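**Student:**
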Amino acid sequence: MNSINMYDYVAYFPTSLDESVRIEHCKKDKRKFYLTRKHNGVVGFCHHCGGSGFLSEQSALPLDGEVFVKPKRKGEWKPEQYQEFHAVPFQKLSKEIRVWWFEAGLNVSEYNNLGARTNNSYSVSLPLRRAPGALTGMATRNFKQGYPKWMLSGSKIVCPFTQSENPAGLLVITEDYLSSLRCSRHCYALPLMGTNMSTDNYRHILEWYDVPRETSRVVVWLDNDSPSVIQQAKDIQKRLANTMKCGIILLTREAKHYRNDRDLVDVLKL
Ligand SMILES: [Zn+2]
3 MNSINMYDYV
13 AYFPTSLDES
23 VRIEHCKKDK
33 RKFYLTRKHN
43 GVVGFCHHCG
53 GSGFLSEQSA
63 LPLDGEVFVK
73 PKRKGEWKPE
83 QYQEFHAVPF
93 QKLSKEIRVW
103 WFEAGLNVSE
113 YNNLGARTNN
123 SYSVSLPLRR
133 APGALTGMAT
143 RNFKQGYPKW
153 MLSGSKIVCP
163 FTQSENPAGL
173 LVITEDYLSS
183 LRCSRHCYAL
193 PLMGTNMSTD
203 NYRHILEWYD
213 VPRETSRVVV
223 WLDNDSPSVI
233 QQAKDIQKRL
243 ANTMKCGIIL
253 LTREAKHYRN
263 DRDLVDVLKL
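Numbering of the sequence shown is given in this note's numbering, commencing with residue 3 and proceeding in unit increments.
#1: Could you spell out the range, first to last residue, of the beta strand (DSSP E) harbouring residue 115?
#2: What is the DSSP secondary structure of residue 182, counted as helix, strand or coil?
#3: Can you check whether the CB of residue 127 is closer than 8 angstroms to the CB of residue 120?
#4: Entirely within the region 94-154 and at least 3 residues each: give me those beta strand (DSSP E) ranges in chain order.
#5: Does at least one heavy atom of ligand 1 sit under 7 angstroms from the Cβ of residue 53?
#6: Is it buried or exposed for residue 203, if we count other Cβ within 10 angstroms and need 16 for buried?
#7: How about residue 250 and residue 239: do their beta carbons lie closer than 8 angstroms?
#8: Fully enclosed by the region 204-238, which beta strand (DSSP E) runs are 3 residues long or longer?
#9: By DSSP, does residue 174 sit in helix, in strand, or in coil?
#10: For residue 242 versus residue 220, is the C-beta distance shorter than 8 angstroms?
#11: Please tell me whether residue 146 and residue 113 are closer than 8 angstroms, where the distance is taken between their beta carbons.
#12: In three-state terms, what does DSSP make of residue 267?
#13: Does the region 13-22 come into contact with the region 33-48, if we say contact requires no fewer than three beta-carbon pairs (one atom in each stretch) closer than 8 angstroms?
#14: State buried or exposed for residue 268, treating a residue as buried only when at least 16 other CB atoms are found within 10 Å of its CB.
#15: Between residue 141 and residue 230, what straight-line distance do the alpha-carbon atoms span, to the nearest angstrom?
#16: Below 8 angstroms between beta carbons: does that hold for residue 206 and residue 270?
#17: According to DSSP, is residue 27 helix, strand or coil?
#18: Please determine if the region 150-157 and the region 165-173 are in contact, where contact requires at least 3 C-beta pairs separated by less than 8 angstroms.
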């Protein structure tokens with residue numbers, strides 16, 4: 003039985019749990035290749051050649067090669083935009099960017115695994131993935147005066163991810179990507195890329211929670227730097243607590259501000 007490289011088909015991945023799509027594989031005009039989203043990733047099986055493949059949810063983080071994904075909605079994302087960008091070795095980044103990365107407690111291998119890119123000397127772009135292995139958006143952090151600090155292109159939806167091989171049954175919902183990266187060393191994380199929980203975010207959280215585990219809980223940890231953000235965090239927590247075990251962290255310190263992981267793990271009660 004031949005093994006199918008699932009990276010070639012991420013553009014077609016279904017988004018809901020147990021949803022299947024049928025596409026062409028080895029025989030033209032015969033849509034015999036079924037892609038089905040399972041709780042831990044996407045399974046592919048071709049009823050024509052018997053080939054199969056699997057792309058795990060863990061693959062949401064490291065990206066081998068580049069996978070450009072067709073926009074789900076018109077005008078949402080142009081892969082060409084990303085092709086102008088290239089990987090830059092961490093050591094070649096400006097000092098300012100390197101300091102920013104280290105100040106968030108992140109390391110060089112996390113930078114490499116993430117597949118960060120740049121197309122100039124004053125910014126770095128982080129890939130955003132709304133499905134495992136799928137590149138669907140980009141968050142660019144600018145360090146040039148007069149430029150907005152953050153620029154988003156494509157979709158800002160990020161699916162829950164983890165860097166851990168044996169993650170705790172906790173999903174941390176953060177405001178920004180760097181805090182999520184820190185938490186994802188120990189458990190799952192999902193950055194809202196802002197303070198709003200969209201319907202896509204909500205669906206991802208529900209799907210994550212529905213996976214059977216020894217324990218599953220969710221915690222909302224936004225930046226808490228203004229009364230309106232705190233209110234927003236409370237609203238999100240309240241909404242999630244209707245259907246799942248969900249807590250809230252109201253510290254004004256963000257996950258990325260913790261110098262060492264021991265303290266972060268304490269806060270997350272892991
Ligand atoms: Zn086939």
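Where is the CB? At the ideal position from N, CA and C, for every residue including glycine.
These numbers were taken from a predicted model, which means no experiment stands behind them.
**Tutor:** On the basis of the supplied data:
#1: Not the beta strand (DSSP E): residue 115 falls in the alpha helix (DSSP H), residues 110-116.
#2: helix
#3: yes
#4: 125-130 and 139-144
#5: yes
#6: buried
#7: yes
#8: 219-223
#9: strand
#10: yes
#11: no
#12: helix
#13: yes
#14: exposed
#15: 24 angstroms
#16: no
#17: coil
#18: no
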